[in-house]
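In short: position in the sequence shown from 1, add 29, done, that's the numbering used here.
Note that CB positions come from ideal geometry on N, CA and C, so glycine has one too.
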Amino acid sequence: MSNDHQLLIHNASQLLTLAGGPQRGNNLGNLGIIPGGAVAVQGETIIDVGPGEHLLEKYKGFNTFDAQGHVVMPGFVDPHTHLVWAGDRAAEFEMRLKGKTYMEILQAGGGILSTVDATRAASMDDLLHQTRQRSQNAFYHGTTTAEVKTGYGLTFETELKQLQAILTLDREGPLELVPTFLAAHAVPPEFRGRTDAYVELICYQMLPDLHTWWKERKVDRPLPFVDVFCEKGAFNLAQSRLILQTAHQLGFPTKIHADEFENLGGASLAAELGSTSADHLVKTPSQDIQALAHTDTVAVSLPATPFGLGEEEYTPSRAILEAGGLLALATDTNPGTAWCESMQFILALACRKMRLTPAQAIAAATINAAAAINRHQQVGSIEKGKQADLLILNVNNFRHLGYRFGTNLVSIVVKRGSIFPVN
Ligand code: NIG
Ligand code: FE
30 MSNDHQLLIH
40 NASQLLTLAG
50 GPQRGNNLGN
60 LGIIPGGAVA
70 VQGETIIDVG
80 PGEHLLEKYK
90 GFNTFDAQGH
100 VVMPGFVDPH
110 THLVWAGDRA
120 AEFEMRLKGK
130 TYMEILQAGG
140 GILSTVDATR
150 AASMDDLLHQ
160 TRQRSQNAFY
170 HGTTTAEVKT
180 GYGLTFETEL
190 KQLQAILTLD
200 REGPLELVPT
210 FLAAHAVPPE
220 FRGRTDAYVE
230 LICYQMLPDL
240 HTWWKERKVD
250 RPLPFVDVFC
260 EKGAFNLAQS
270 RLILQTAHQL
280 GFPTKIHADE
290 FENLGGASLA
300 AELGSTSADH
310 LVKTPSQDIQ
320 ALAHTDTVAV
330 SLPATPFGLG
340 EEEYTPSRAI
350 LEAGGLLALA
360 TDTNPGTAWC
370 ESMQFILALA
380 CRKMRLTPAQ
390 AIAAATINAA
400 AAINRHQQVG
410 SIEKGKQADL
420 LILNVNNFRH
430 LGYRFGTNLV
440 SIVVKRGSIF
450 PVN
């Protein structure tokens, strides 16, 4: 498709623009609906948004695309995934059903570490092949941009292998991938009992080397995020602080896995340091919620994780909104806790388990999710100047998202102005 390709998508029952930037606290859920709306696209970019009659008149020479009275909305942004891995952990799923906990399995050298073994051993072709299938699943369920973490290599070389896989699949498209360096995902077997030594390796070798590697390759995009699994059995608060502070000193934006199983204070740390997001937030007490809510650090809830673990406790989302926080939703796609590529299923969970309305869940999965990866100027809403990343659903009322689950309600994905029909 040439760069000056001109497209007018019209006849939406509801055009959900999500215009106006990230939505804080109880302002969450403002969909900016234009009934009978239309979107004008030039090349990869949205050039106009408004009522259908008006735009049909104004853009007469454009190719038209009839949304046939269905909902048109921004593509989902998935701001927390571990999409690049090899193998599976189906046997561990059964062990957990029989009573073993996630952390017990990790302590015994399984869990994340078994995926590390498989991912280290996989050839690049195999890693790309396995990941491509998941990336396509995500895309055809409506995700147009996804953050992806490394963290199944745990040596510089193997972490870079994952990072290269992310960059390769991003170039391939159509799903756009935003990379995160997560060497601090688990303590590798070679460093068992010597967590501080591994943290030093990350801070004083891996992060500077990553910075050099990135700059030498002249990757034409922002530096990757740096993330840490702040949890008992992984990295404690002091170790997490050292990693995130070192990352900031080198210019990397940061994220944190906090309060998935126990509260160590990771959310407050993220707020204090100005991390872009704090993710999981299940065991988060009100003082940490307050600390977060007063900053621009986005609280990313991952409801497929407690669901996948068969647990009953979810992110205290209503308390986060009451406190005025920025709330986003993500899948956490990973082989251990949440092999789920569908943001639509996340919305359904968020409505039931966290009492979000469909409108709140949609905003948390689009414009706020974009803010959680610092891409809210480019994606997450249908506004003039933004990337033409949007969805045409096969329903005429946005509330079917959240209400229905288990089937795909997306019929067309538009990524950077190119049209991808869902089968
Ligand atoms: O976000 N908790 C740490 N990381 C992932 C799980 C990764 C895995 O089990 O492979 C998470 O839940
Ligand atoms: Fe995660």
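On the CB-based measure, 16 or more other CB atoms within 10 Å of its CB, does ASN56 come out buried or exposed? exposed
Measuring alpha carbon to alpha carbon, tell me which residue in ASN363, GLN389, MET372 and PHE254 is nearest HIS170. MET372
Would you say THR283 and THR305 are within 8 Å of each other, going by their C-beta atoms? yes
Curious, which full-length alpha helix (DSSP H) runs of at least 4 residues does the region 39 to 110 contain? 81 to 87
Would you identify the three-state DSSP class for PHE13, choosing helix, strand or coil? No information on residue 13 is available, as it lies outside the stretch 30 to 452 that the chain covers here.
DSSP beta-bridge partners of ASP308: HIS286 and VAL329
Tell me which residues share the same chain as THR46 and place their Cβ nearer than 7 Å to its Cβ, disregarding the 5 neighbours each side in the sequence. GLY61, ILE63, VAL78, SER410, ILE411 and GLU412
Distance CB(ALA417)-CB(THR144) smaller than 8 Å: no
In this structure, what does DSSP give as the bridge partners for VAL228? DSSP, once it has assigned bridges, lists no residue as partnering VAL228.
Nearest to LYS8 by CA position, among LYS444, LEU378, LEU126 and VAL70, is which residue? This structure does not reach residue 8, given that the chain is present from 30 up to 452, and the question cannot be answered.
Using a threshold of 7 Å, is the CB atom of HIS158 nearer than that to any non-hydrogen atom of ligand 2? no
Just reading off the alpha helix (DSSP H) that GLU301 is part of, what are its end residues? 295 to 302
Which same chain residues end up closer than 8 Å to LEU273 when comparing Cβ atoms and leaving out the 5 residues on each side of it in sequence? VAL255, VAL257, THR283, ILE285, LEU298, ALA299, LEU302 and SER304
Once the 5 residues before and after SER315 are set aside, which same chain residues still bring their CB inside 7 Å of it? ALA348
GLU289: beta carbon under 7 Å from a heavy atom of ligand 1? yes
List in chain order: all unbroken alpha helix (DSSP H) runs of 4+ residues lying wholly within the region 146 to 228. 153 to 169 and 185 to 201
Let me check you understand the geometry: is the CB of ASP107 closer than 7 Å to at least one non-hydrogen atom of ligand 3? Of the ligands this structure carries, namely ligand 1 and ligand 2, none is ligand 3.
Between the alpha carbons of LEU310 and ALA296, how many angstroms are there, rounded? 7 Å
Since ALA266 and LEU293 should fall inside the 8 Å C-beta cutoff, what is the C-beta to C-beta distance between them, to a whole number of angstroms? Here residue 266 turns out to be Leu, not Ala, going by the sequence shown. Correct: roughly 5 Å between the Cβ atoms.
Helix, strand or coil for ASN426? Go by DSSP, reduced to three states. coil
Using a threshold of 7 Å, is the CB atom of ASN265 nearer than that to any non-hydrogen atom of ligand 1? no
Which value, in whole angstroms, describes the spacing of the CA atoms of SER31 and GLY72? Per-residue confidence for SER31 stands at a pLDDT of 47, beneath the threshold of 50, marking its modelled position as unreliable; the derived number appears in the next sentence. Each residue's Cα considered, the two are about 7 Å apart.
Does the beta-carbon of GLU123 have 16 or more other beta-carbons within 10 angstroms, so that it is buried, or is it exposed? exposed
When THR436, ASN452 and ARG428 are compared against VAL100, the one with the closest alpha-carbon: ARG428
Within 7 Å: the Cβ of PRO218 and any heavy atom of ligand 1? no
Mapping DSSP to helix, strand and coil, what is GLN407? coil
Ends of the beta strand (DSSP E) at LEU355? Premise fails: LEU355 is in no beta strand (DSSP E) and is neither H nor E.
VAL408 beta carbon less than 8 Å from that of THR174: yes
If you drop the 5 nearest sequence neighbours on each side, which residues of the same chain put their C-beta closer than 8 Å to that of LEU37? ALA67, VAL68, ALA69, VAL70, LEU84, LEU85, TYR88, PHE91, ASN92, THR93 and PHE94
Would you say VAL424 faces chain D, with C-beta separation under 8 Å as the test? As a matter of chain content, chain D is missing from the structure shown, which is built from one protein chain.
Going by DSSP, what residues sit across from SER447 in a beta bridge? LYS444
List the whole-angstrom C-beta distance separating ALA115 from LEU156, where the pair is believed to meet the contact cut-off of C-beta under 8 Å. 6 Å
Please name the residue in PHE290, HIS240 and GLN97 whose C-alpha comes closest to that of PHE264. PHE290
Quick check on the burial criterion: 16 or more other C-beta atoms within 10 angstroms. Buried or exposed for ALA120? exposed
Going by DSSP in three states, ARG433 sits in which element: helix, strand or coil? strand
So does HIS240 have its beta carbon nearer than 7 Å to some heavy atom of ligand 1? no
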